[in-house]
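If you're matching positions, the sequence shown starts at 1 in the UniProt record's numbering and goes up one per residue.
Working notes for the structure below.
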Amino acid sequence: MGLEDDIEEIEEEIANTPYNKSTEAHIGRLKSKLAEKKEKLENQQSGSGGGGGYSVEKHGDATVALVGFPSVGKSSLLNSLTNAESETGSYEFTTLDVNPGMLNHRGANIQLLDVPGLIEGAASGKGDGQQVLAVVRNADLIVFVLSVFEIDQYDRLQEELYDINIRVDEEPPRVTVRPKIKDGIKITSSADQDLDEETISDVLRDQGYVNADLNLQENVSIDRLIDGLMDNREYIPSITCVNKVDLIDPDYKEQVDDQLRERGLDPEAEVTFISAEAEKGLDALKDRIWENLGLIRVYMDKPGRGVDWEEPLVIEEGSTVGEAIEKLGGEMENRFRFARVSGPSATHDEQQVGTDHVLEDEDVLKLILRR
């Protein structure tokens, strides 16, 4: 319990210390020590194998985690979107394990995971919380599932994910550190910094860097600096859906919209309103999942068979012909001569391209191979 006691003590000191310029360095060191001790505790717990965990093998073109507190309707949603048969009920903690299902949308096979309902304190281990959240760390997209009656759950979900080192809707800090043998710590920056060099150097030393070159390409806060120095952060995009909208009166919708705006969510552009039970709004949710996964479809023109319009090759946005060939597998990479592309990325039909050509959604790709 030593590490857990240390963590609780540091968290209390941070909470009780007013943040201002004179306390900035002190709080920075506290947060750095907190990150270090949490990482040690996480390594201890994963090493001991405690709790079993919820290991789910990834399948399909992408993996999406449905995250929410108990009884918000995740199981019903999974059943409505996929061929899964997740147990549903009107009481809490119906789902006691991670249930996978496969959503087929726009030619893509998207694995959906119905993650057991979180409870407050999940990140610190309550209710098998750490094992549950570990599944979320491997997802390509998080779908926050909220009850229309409890929009404030969004705040607590964000906190729980942050505490297990998941950074939602953030880009990794533009921070690079290079250890060296001698000459202490050298800091270079391409952006003006609010933190002073002494505070930055103290944080580096707390993370074990005695001699190192640090380059900052953004104005970092203490938290962003620590994140940039740690290698156990996951940066995952998210979308939000609000369930059970069939149970509210129309005039209550304005209150819901106001609560969403208070949390920086535009109810018109960023939130999908659904009823999993009544299967309302699900097509819009499927489209939003697709759009936020950053996938594209490439239709293969197969020798002697023409274009396969039924089962496209699904790859990440920005992928090249070479990366498409890699996903196809087999001996194509060694036999590749050139490719012909028609569609949005081509300047004309059947444009001849090489492996570095960047493909776009709904391109038609024909590979010319050596015999």
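Quick reminder that beta carbons are idealized off the backbone N, C-alpha and C, glycines included.
Leaving out five residues before and five after D301 in sequence, what residues of the same chain have Cβ atoms less than 7 Å from its Cβ?
For the purposes of this step, residue 301 is taken as residue 301 along the sequence shown, with counting starting at 1. Only V307, V364, L365 and K366 meet the Cβ criterion.
Spatial neighbours of K40 within its chain, please: CB distance less than 7 Å, with the 5 preceding and 5 following residues excluded, ordered by chain position.
Position 40 of the sequence shown holds residue 40. Cβ neighbours of K40 beyond the five flanking positions: L3.
When we look at the beta-carbon of P303 and count the other beta-carbons within 10 Å, is it buried (16 or more) or exposed?
The count along the sequence shown starts at 1 and reaches residue 303 at position 303. Exposed.
Pick from L359, A269, R106 and T355: whose alpha carbon is nearest that of G322?
Position 322 of the sequence shown, counting from 1, holds the residue named residue 322. Nearest of L359, A269, R106 and T355 to G322, Cα basis: T355.
Could you check whether L285 and V271 sit closer than 7 Å to each other, using their CB atoms as the reference points?
Locating residue 271 in the sequence shown gives position 271, counting from the first residue. Locating residue 285 in the sequence shown gives position 285, counting from the first residue. Contact flag unset, no.
Check whether the segment 216 to 229 touches the segment 173 to 189, counting contact only when three or more Cβ pairs, one atom from each stretch, lie closer than 8 Å.
Yes: at least three Cβ pairs fall under 8 Å.
Are the CB atoms of F273 and G281 within a distance shorter than 7 Å?
Residue 281 sits at position 281 when you count from the first residue of the sequence shown. Residue 273 sits at position 273 when you count from the first residue of the sequence shown. Closer than 7 Å, so yes.
Tell me the DSSP secondary structure of D308 in three-state form.
Translated into positions along the sequence shown, residue 308 becomes position 308. Three-state DSSP puts D308 in coil, outside helix and strand.
Note down, in chain order, each residue of its chain lying with its Cβ closer than 7 Å to the Cβ of K33, except the 5 sequence neighbours on either side.
If you number the sequence shown from 1, residue 33 lands on position 33. The answer, listed in chain order, is I10 and D206.
For Q351, which three-state DSSP category applies?
The count along the sequence shown starts at 1 and reaches residue 351 at position 351. Strand at Q351.
With a CB to CB cut of under 8 Å and the five nearest residues on each side skipped, what residues in its chain are close to Q193?
If you number the sequence shown from 1, residue 193 lands on position 193. Around Q193: I200, L216, N219 and V220.
In whole angstroms, give me the CA-to-CA distance for L78 and D287.
Counting from one through the sequence shown, the residue named residue 78 turns up at place 78. Counting from one through the sequence shown, the residue named residue 287 turns up at place 287. Looking at the two C-alpha atoms, the distance is approximately 15 Å.
Taking just the CA atoms, how far does D114 sit from residue 377?
With the chain running from 1 to 371 in the structure shown, residue 377 is simply not present.
Alpha carbon to alpha carbon, what distance is there between R156 and F69?
Within the sequence shown, residue 69 is the residue found at index 69, counting from 1. Within the sequence shown, residue 156 is the residue found at index 156, counting from 1. Rounded to whole angstroms, F69 to R156 spans 9 Å at the Cα level.
Looking only at C-alpha atoms, which of Y209, N211, I368 and I239 sits nearest to E350?
Here the question's residue 350 lines up with position 350 in the sequence shown. Looking at the Cα atoms, I368 is the closest of the given residues.
With DSSP collapsed to three states, give me the class of G52.
Walking along the sequence shown from the start, residue 52 turns up at place 52. Low confidence applies here, because G52 scores a pLDDT of 45, under 50, leaving its location unreliable; read the following figure in that light. Coil at G52, not helix or strand.
Considering only DSSP beta bridges, list what N243 is partnered with.
Your numbering for residue 243 matches position 243 in the sequence shown. The partner list for N243 (beta bridge, DSSP) reads S147.
Helix, strand or coil for A346 per DSSP?
Here residue 346 is taken as the residue at index 346 of the sequence shown, counted from 1. Correct three-state label for A346: coil.
DSSP has A65 in a bridge; who is on the other side?
Position 65 of the sequence shown, counted from the first residue, corresponds to residue 65. DSSP lists L113 and I142 as partners of A65.
Looking at the structure shown, is A122 part of a helix, part of a strand, or coil, going by DSSP?
Looking up residue 122 in the sequence shown gives position 122. Residue confidence for A122 is low, a pLDDT of 45 falling below 50, so the modelled location carries little weight and cannot support an answer.
Quick check: the Cα distance between A134 and S75, rounded to an integer number of angstroms?
By 1-based counting over the sequence shown, the position of residue 134 is 134. By 1-based counting over the sequence shown, the position of residue 75 is 75. Roughly 19 Å between the two C-alpha positions.
Can you give me the Cβ contacts of D140 inside the same chain, cut-off strictly under 7 Å, excluding the 5 residues immediately before and after it?
Along the sequence shown, one-based indexing puts residue 140 at 140. Only A62, T63, V64 and L293 meet the Cβ criterion.
By the 10 Å Cβ neighbour count, where 16 or more other Cβ atoms means buried, how is H59 classified, buried or exposed?
By one-based count along the sequence shown, residue 59 stands at place 59. H59 should be labelled exposed.
Check whether the Cβ atoms of K290 and Y299 sit closer than 7 Å, and answer yes or no.
For the purposes of this step, residue 290 is identified with residue 290 of the sequence shown, where counting begins at 1. For the purposes of this step, residue 299 is identified with residue 299 of the sequence shown, where counting begins at 1. Per the sequence shown, the amino acid found at residue 290 is Trp instead of Lys. No; because the gap between Cβ atoms is not below 7 Å, this pair is not in contact.
Report buried or exposed for Q111, applying the criterion of at least 16 other Cβ atoms within 10 angstroms of its Cβ.
The residue labelled residue 111 in the question sits at position 111 within the sequence shown. It counts as buried.
Within the same chain, show all residues whose beta-carbon is closer than 8 Å to that of R340, passing over the 5 residues directly before and after it, in chain order.
Locating residue 340 in the sequence shown gives position 340, counting from the first residue. D301, E350, Q351, Q352, V353, L365, K366 and I368, listed in sequence order.
Taking the beta carbon of G89 as the centre, do at least 16 other beta carbons fall within 10 Å, making it buried, or is it exposed?
Taking the sequence shown and counting its residues from 1, the one referred to as residue 89 is at position 89. Because G89 sits at a pLDDT of 46, beneath the cut-off of 50, its placement in the model cannot be relied upon, and the following sentence gives the value as read from the coordinates. Counting Cβ neighbours within 10 Å, G89 comes out exposed, since fewer than 16 surround it.
Is any heavy atom of the ligand SAH found at a distance shorter than 6 Å from the C-beta of E317?
Judged by which ligands are present, the structure shown has none, so any question about the ligand SAH falls away.
Taking 7 Å as the cut-off, decide whether the C-beta atoms of L247 and A108 are in contact.
Walking along the sequence shown from the start, residue 247 turns up at place 247. Walking along the sequence shown from the start, residue 108 turns up at place 108. Not closer than 7 Å, so no.
For the alpha helix (DSSP H) holding I222, just list the boundary residues, first then last.
The residue given as residue 222 occupies position 222 in the sequence shown. First-last of the alpha helix (DSSP H) with I222: I222 to L229.
What separation, rounded to the nearest whole angstrom, lies between the Cα atoms of S319 and E333?
Here residue 319 refers to the residue found at position 319 of the sequence shown. Here residue 333 refers to the residue found at position 333 of the sequence shown. So the alpha carbons of these two residues sit roughly 15 Å apart.
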